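Participant: The structure that follows is given in the form of structure tokens.
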Amino acid sequence: MDVALYLRKSRADEDAERRGEGETLAKHKTALLKLAKHMKVNIIRIREEIVSGETLVHRPEMLQLLKEVESGEYDAVLAMDIDRFGRGNMQEQGLILETFRSSKTKIITPRKTYDLMDEFDEEYSEFEAFMARKELKIITRRMQGGRKRAAEEGNFLGTRPPFGYLVENLPDSRGRTLTPHPEQADIVRQIFSWYTHEDPEQQKGGSKIASELERLKIPSYKGGSWSASSVLTILKNEVYIGRIQWGKKEQMKSKDGSKHRTSRRRSREEWVDVQGKHQPIIDNETFLKANRRLSEHHHSPHQFNIDGKPRMTSALAGLVKCSECGMTIVYRSYTKQPAHFRCSTVGCPTRSSRYDSVEARIVEGLEVWLNDYKIKWGKRKLEGCFWCNPDFSDLTFCFSFSSFIVVRGDFFHDQPNNLHNFI
0 MDVALYLRKS RADEDAERRG EGETLAKHKT ALLKLAKHMK VNIIRIREEI VSGETLVHRP
60 EMLQLLKEVE SGEYDAVLAM DIDRFGRGNM QEQGLILETF RSSKTKIITP RKTYDLMDEF
120 DEEYSEFEAF MARKELKIIT RRMQGGRKRA AEEGNFLGTR PPFGYLVENL PDSRGRTLTP
180 HPEQADIVRQ IFSWYTHEDP EQQKGGSKIA SELERLKIPS YKGGSWSASS VLTILKNEVY
240 IGRIQWGKKE QMKSKDGSKH RTSRRRSREE WVDVQGKHQP IIDNETFLKA NRRLSEHHHS
300 PHQFNIDGKP RMTSALAGLV KCSECGMTIV YRSYTKQPAH FRCSTVGCPT RSSRYDSVEA
360 RIVEGLEVWL NDYKIKWGKR KLEGCFWCNP DFSDLTFCFS FSSFIVVRGD FFHDQPNNLH
420 NFI
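Under numbering that gives the first Met the number 0, the first residue of the sequence shown is numbered 0, with each subsequent residue one higher.
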């Protein structure tokens, strides 16, 4: 009998590993190899899923296993339990079970062997899949409820503390809080002082503050260079006035299997916003003063409507990159001159350029590209009218376009001879 081994971590396994109970996949692999030896089966392939995910699209090893099962490569698949194949929605569970049933592939676990051609085993596997899905929902609901209650009590929930703080575990397992960093806390105070200076001539914006921190050789949060955005993030973070906020954004996994996540900004009424257990670094008056100035001068390319959905103010936001350092070119609006594009890296030699000039040049480049573009058809010629020919099914329309544009720093000098570099 030719078989495959399938191993996948669950949330319970990850919790056990954090408690020091050993590496889960290694223990499961040993148990399944022992079972395979006892059953005297031939192991063709071992597939290990190193991430815990509920949807098939985020589990490439499981998708590949299903393709192999569908093509009849195995007589059976060994797993620790049937719920290791997935606890996603009913549609995905039905797809998994139907793939095994139609290919007459058995599912072997240390507890039971499932032959889905047998009516009793089929019903039992469907019931176990349903219970696994219900268990997942219960676990998720309890975890989210626990995190929400911890936030409502003023505990810090993040994995890493914000700049200026250290994480401190409270006695008697009463949660986690923040304590001011002996060195970084003074830097946070200085950032607010620069930004809210009484003398307008002495005030510094985000870029100037980042440059000053670089000049003083003060390490950033991650040890790299400071940027205007990292400074503005500090100025907007209410944790520095003692607040704990949770649930500001709703994170959603992509539907195409990529690691990219989409997010929806919730309305403020949906947040948990309470006074935290930690000591504030900035007083309320200074924080409000900084954010009043911030609202008057800072215009993010991603703003939000009343319903919480993002509203784009720059059509090229996130698409244009600097050839010198590779960072994103950002949109900057001004009151006394047109908006400009500039590199977000402090000290980068790339010069800024008017936004409307860059936009016009990109449009010109796209027009050139569209004029030269040729449609590629399928392997055979289209005979007669496509709509009138029901037998025609081999039409292939090939269309590809880069999702981001690399703009060389030379363009910011308005050199017309480099148009081809826009595309």
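Glycine is no exception: its CB is placed at the ideal position from the N, C-alpha and C atoms.
Just so you know, these numbers come straight off a predicted model, no measurement behind them.
1. Should the region 20-34 be regarded as contacting the region 69-83, the criterion being three or more beta carbon pairs within less than 8 angstroms?
2. Can you give me the C-alpha to C-alpha distance between ALA3 and GLU127, rounded to a whole angstrom?
3. When the Cα atoms are used, what is the spatial distance from GLY325 to GLY317?
4. For LEU6, is the classification buried or exposed, using 16 other Cβ atoms within 10 angstroms of its Cβ as the cut-off for buried?
5. Using the rule of at least 16 other Cβ atoms within 10 Å of the residue's Cβ for burial, across every protein chain shown, is TYR164 buried or exposed?
6. For PRO109 and GLY145, I'd like the C-alpha separation in whole angstroms.
7. Can you tell me whether VAL230 is helix, strand or coil according to DSSP?
8. What residue ranges within the region 43-112 form continuous beta strand (DSSP E) runs of no fewer than 3 residues, ordered along the chain?
9. Among GLY346, ILE240, ARG86, SER322, which residue has its Cα nearest to the Cα of PRO179?
10. Distance, Cα to Cα, GLU363 vs SER219?
11. Reducing DSSP to helix, strand and coil, say where HIS277 ends up.
12. For GLU197 versus LYS203, is the C-beta spacing smaller than 8 angstroms?
13. By Cβ distance, which residues of its chain are closer than 7 angstroms to TYR330, with the 5 residues on each side in sequence left out?
14. For VAL271, which beta-bridge partners are listed by DSSP?
15. Please look up how many angstroms separate the CB atoms of THR104 and ALA131, rounded, as I've assumed it's under 8 angstroms.
16. Between THR98 and the rest of its own chain, which residues show a CB-CB distance below 7 angstroms, the 5 nearest in sequence each way excluded?
17. Give the single residue among PHE119, ARG83, VAL238 whose Cα lies nearest to the Cα of GLU60.
18. Please classify ILE423: is it buried, with 16 or more other beta-carbons within 10 angstroms of its beta-carbon, or exposed?
19. Would you kindly work out how many angstroms separate the C-alpha atoms of ASP171 and THR285, rounded to a whole number?
20. Identify which residue in CYS321, ASN370, THR334 has its Cα closest to the Cα of VAL357.
21. First and last residue of the alpha helix (DSSP H) that includes HIS37?
22. Could you check which residue in VAL238, ASP371, PHE162 has the C-alpha nearest to that of LYS221?
23. For THR434, which option in SER262, ARG46, THR327 has the closest C-alpha, if you only look at C-alpha atoms?
24. Less than 8 angstroms between the C-beta atoms of VAL187 and ILE45, yes or no?
25. Measuring alpha carbon to alpha carbon, tell me which of ASN88, PHE155, TYR73 ends up nearest SER101.
26. Under a three-way DSSP split, which group does TYR220 fall into?
27. Grouping DSSP H, G and I as helix and E and B as strand, with all else coil, what is TYR123?
28. From the DSSP output, in three-state form, read off GLN250 for me.
29. At what residue ranges does the region 145-212 contain a whole run of the beta strand (DSSP E), taking only runs of 3 or more?
30. Suppose the cutoff is 7 angstroms on Cβ atoms and the five residues either side in sequence are ignored; what does the same chain contact list for MET0 look like?
31. Thinking C-beta only, is GLY174 closer than 8 angstroms to GLU152?
32. Can you list, in chain order, the residues of its chain with a C-beta nearer than 8 angstroms to that of LYS247? Leave out the 5 residues immediately preceding and following it.
33. Helix, strand or coil for TYR239, going by three-state DSSP, please let me know.
34. Quick check on the burial criterion: 16 or more other C-beta atoms within 10 angstroms. Buried or exposed for GLU91?
35. Alpha carbons only, please: which of MET38, GLU118, LYS36, GLU22 is nearest the one belonging to ILE49?
36. Just mark VAL367 as buried or exposed, buried being the case when its beta carbon has 16 or more other beta carbons within 10 Å.
Facilitator: On the basis of the supplied data:
1. yes
2. ALA3 and GLU127 have their C-alpha atoms some 21 angstroms from each other.
3. 12 angstroms
4. buried
5. buried
6. 34 angstroms
7. helix
8. 75-77, 105-107
9. Distances from the CA of PRO179 to each of GLY346, ILE240, ARG86, SER322 were compared; the closest alpha carbon is that of ILE240.
10. The straight-line gap from Cα to Cα measures roughly 40 angstroms.
11. coil
12. no
13. Cβ contact annotation for TYR330 (same chain, cutoff 7 angstroms, sequence separation greater than five): PRO300, SER313, ALA316, ALA338, PHE340, TYR354, in chain order.
14. TRP245
15. 19 angstroms between Cβ atoms; not a contact.
16. Closer than 7 angstroms at the Cβ level, and outside the excluded window around THR98, lie LEU65, VAL68, GLU69.
17. For GLU60, the nearest C-alpha among the options comes from ARG83.
18. This structure cannot settle anything about residue 423, because the visible part of the chain is limited to 0 through 422.
19. 35 angstroms
20. CYS321
21. 23-38
22. PHE162
23. Any question about residue 434 goes unanswered here, given that the chain covers just 0 to 422.
24. no
25. TYR73
26. coil
27. helix
28. strand
29. Segments of the beta strand (DSSP E) lying fully in the region 145-212: 164-168, 175-179.
30. VAL40, ASN41, ASP74, ALA75
31. yes
32. ARG264, ARG265, TRP270
33. Under the three-state reduction of DSSP, TYR239 is assigned to helix.
34. buried
35. GLU22
36. exposed
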